[in-house]
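In the working numbering, the protein residues as written are 9 to 169.
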């Protein structure tokens, strides 16, 4: 909730949105709050499904042929991270002890772009709608913003109520 937790930054976002009609604001959260008053794309998703949305967007960009392959080849690397990395609990907590990769949460293996594309391929619009509870149209609009090479996107990932 940037409107309440990061008010100075939010006033700048608000000023830009209100003074430039072409600017769009997408607000994503697990509940509705003050930031939604400005949202062109209001997205309330089920808790712990934010990565489903990101994987859907990546799949959409790949599936629609909007990948800037030259940029990706020059400036990105892909990695399949370790899973079962624990819960961030005290080291002696039973769930932490049981986690096979708790001692190596940043580990993983390099993968190719093609491997990444195969990983996100199951994250279709239909799957994203089902898992997140977000309306189809909002997810399509959000993915379209990220896929359009002429659109400049700024993302904020903030915490707080």
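Ideal Cβ positions, reconstructed from N, Cα and C, are used throughout, including at glycine.
| Classification of residue 31 by the beta-carbon crowding that lies within 10 angstroms, buried from 16 upward | As a first step, residue 31 must be located in the chain shown, where it is residue number 23. Counting Cβ neighbours within 10 Å, residue 31 comes out exposed, since fewer than 16 surround it.
| request: Go through its chain and collect everything with a Cβ distance to residue 38's Cβ below 8 Å, but skip five positions before and after it. | output: Reading the chain shown from its first residue, position 30 is the one you call residue 38. Closer than 8 Å at Cβ, skipping near neighbours: 52, 53, 54 and 55.
| Spatial neighbours of residue 117 in its chain, beta-carbon cut-off 6 Å, leaving aside the 5 residues before and after | Reading the chain shown from its first residue, position 109 is the one you call residue 117. Closer than 6 Å at Cβ, skipping near neighbours: 88.
| Residues near residue 72 in its chain [Cβ-Cβ closer than 8 Å; skip 5 each side] | The sequence position of residue 72 within the chain shown is 64, counting from 1. Shown here for residue 72: same chain residues with a beta carbon closer than 8 Å to its own, the five before and five after excluded, namely 155 in chain order.
| residue 78, DSSP secondary structure in three states | Sequence index remark: in the chain shown, residue 78 carries index 70 (1-based). Three-state result, residue 78: helix.
| said: Check this for me: beta carbons of residue 47 and residue 60, under 8 Å apart or not? | reply: Taking the first residue of the chain shown as 1, we reach residue 47 at position 39. Taking the first residue of the chain shown as 1, we reach residue 60 at position 52. Not in contact: residue 47 and residue 60 (Cβ atoms no closer than 8 Å).
| field | Continuous beta strand (DSSP E) stretch holding residue 87: start and end | value | The sequence position of residue 87 within the chain shown is 79, counting from 1. For residue 87, the enclosing beta strand (DSSP E) starts and ends at 86-89.
| request: Check residue 37 in the structure and name its three-state DSSP category. | output: The count along the chain shown starts at 1 and reaches residue 37 at position 29. For residue 37, the three-state secondary structure derived from DSSP is strand.
| message | Looking at residue 161: is its Cβ nearer than 8 Å to the Cβ of residue 66? | response | Residue numbering aside, residue 161 sits at position 153 when the chain shown is read from its first letter. Residue numbering aside, residue 66 sits at position 58 when the chain shown is read from its first letter. Not closer than 8 Å, so no.
| request: Measure how close the beta-carbons of residue 43 and residue 78 come, nearest whole angstrom, since I'm counting them as under 8 Å. | output: Position 35 of the chain shown, counted from the start, is the residue given in the question as residue 43. Position 70 of the chain shown, counted from the start, is the residue given in the question as residue 78. In fact, because the Cβ distance is near 36 Å, the residues do not count as touching under 8 Å.
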